[in-house]
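Below you'll find the structure, written out as structure tokens, and then a few comments.
Residue numbers (our numbering): 377 to 682.
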């Protein structure tokens, strides 16, 4: 009975700590939930394979297949109805009984619990570093992170499909990462590449030559359009004026702005002029930039100035 009393005391403290972490997360505007395994489908897994029983790091477990609402991000129990099962697992541990391996899906270098959520919770609460797990590995291009939101995983999946459709990693092995902060943008890049292919085919000097291949269009788009805008962003220190945004975000905005200026002026203004004019016209005011940087700093998305 003493063992069960100790386990009951521990689970009650764990739930109280979970309530406190919920409150802190609310104040900090940070998530405190496990990632649902269902979100992994947005990463477009290509295959799976059984790896058998392995010893894994408890801290690398970031989600659950079907119990993600019942535990917080630190795998603390959130609901009283979990107590008896949690107590049973902890009591068995205190009595020195061997517990069976949990079952997990491995995605990148992170894990989602298929079976054994309470064993994981107890292990995490006791500061246990490792746990035995029967592992099924899913192959993905971009791995999930504990701080990912659903939007983040959707964007990662879209990026994986973009790279597969373009073959950019093979055409330009050391290309810069092309990351967006909003879903649905990679399709616009594909439109840019198709437009690039169309106009390359119609250059007078290509008369009588075979049609421009998709691969040629992809490489030309990256080197002659995308990379030039990125170089302009660096040369004129534009990214500093758009905190929280990425090079890819700015590329799309600047290309739209270039089209607007060219239509207005009756000639192609070029990427550098478009970049500088966009920055001058559309950069957020200083107070908004400062506010955004403070929010990013509080979320751990920005390193404090030295």
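A virtual CB, placed ideally from N, CA and C, is assigned to each residue, including glycine.
Residue range of the unbroken alpha helix (DSSP H) whose run includes residue i
| i | result |
| --- | --- |
| residue 642 | Per DSSP, residue 642 belongs to no alpha helix (DSSP H) and is neither H nor E. |
| residue 519 | Element bounds for residue 519: n/a, residue is neither H nor E. |
| residue 535 | 526–542 |
| residue 608 | 603–611 |
| residue 553 | Taken as a continuous stretch (DSSP letters only), residue 553 belongs to no alpha helix (DSSP H), as it is neither H nor E. |
| residue 597 | Looking at the DSSP string, residue 597 is not in any alpha helix (DSSP H), and its letter there is neither H nor E. |
| residue 464 | 459–470 |
Which residues DSSP lists as bridging residue i, in chain order
| i | result |
| --- | --- |
| residue 569 | DSSP output for residue 569 lists no bridge partner at all. |
| residue 618 | Paired residue(s): none; residue 618 is not in a bridge. |
| residue 426 | 512 |
| residue 683 | Limits of the chain in this structure are 377 at one end and 682 at the other, which puts residue 683 out of reach. |
| residue 433 | 506 |
| residue 448 | 409 |
| residue 453 | 447 |
Beta-carbon proximity list for residue i, same chain, < 7 Å, skipping 5 on both sides
| i | result |
| --- | --- |
| residue 393 | 452 |
| residue 596 | 572 and 576 |
| residue 383 | 463, 466, 467 and 470 |
| residue 650 | 630, 633, 634 and 637 |
Cβ-Cβ separation, residue j to residue i (assumed contact under 8 Å), whole Å
| i | j | result |
| --- | --- | --- |
| residue 518 | residue 411 | Not quite, the Cβ-Cβ distance comes to about 14 Å (not below 8 Å), so this is no contact. |
| residue 436 | residue 486 | 5 Å |
| residue 491 | residue 504 | Going by Cβ atoms, the distance from residue 491 to residue 504 rounds to 18 Å, so no, they are not a contact pair. |
| residue 489 | residue 423 | Rounded, the Cβ-Cβ distance is 21 Å, inconsistent with contact. |
| residue 520 | residue 526 | The Cβ separation is near 11 Å, so there is no contact. |
| residue 613 | residue 556 | Not confirmed; about 21 Å, so no contact. |
| residue 602 | residue 627 | 6 Å |
| residue 431 | residue 524 | With a Cβ gap of about 25 Å, residue 431 and residue 524 do not count as contacting. |
| residue 542 | residue 569 | 7 Å |
Same chain, Cβ closer than 6 Å to residue i, neighbours up to 5 away in sequence not counted
| i | result |
| --- | --- |
| residue 501 | 390 |
| residue 644 | 638 |
| residue 475 | 495 |
| residue 605 | 627, 630 and 647 |
Through-space distance from residue j to residue i, alpha-carbon basis
| i | j | result |
| --- | --- | --- |
| residue 592 | residue 458 | 58 Å |
| residue 652 | residue 659 | 10 Å |
| residue 551 | residue 622 | 15 Å |
| residue 544 | residue 400 | 42 Å |
| residue 538 | residue 547 | 13 Å |
| residue 434 | residue 499 | 7 Å |
| residue 425 | residue 553 | 28 Å |
| residue 585 | residue 574 | 14 Å |
| residue 579 | residue 515 | 42 Å |
| residue 683 | residue 483 | The displayed coordinates of the chain run from 377 to 682. Any statement about residue 683 would go beyond what the structure contains. |
| residue 497 | residue 417 | 25 Å |
| residue 661 | residue 558 | 22 Å |
| residue 415 | residue 402 | 22 Å |
| residue 634 | residue 560 | 21 Å |
| residue 567 | residue 438 | 36 Å |
| residue 607 | residue 655 | 14 Å |
| residue 472 | residue 379 | 11 Å |
| residue 618 | residue 600 | 23 Å |
| residue 428 | residue 481 | 11 Å |
| residue 444 | residue 642 | 57 Å |
| residue 450 | residue 531 | 25 Å |
| residue 534 | residue 421 | 12 Å |
Neighbour flag for residue i against chain B, beta carbons, 8 Å
| i | result |
| --- | --- |
| residue 409 | In the displayed structure, chain B is absent; only one protein chain is listed. |
Neighbourhood of residue i by C-beta, 8 Å cutoff - its chain only, sequence neighbours within 5 removed
| i | result |
| --- | --- |
| residue 448 | 394, 397, 398, 408, 409, 410 and 454 |
| residue 564 | 628 |
N-terminal and C-terminal residue of the beta strand (DSSP E) that residue i is part of
| i | result |
| --- | --- |
| residue 480 | 478–483 |
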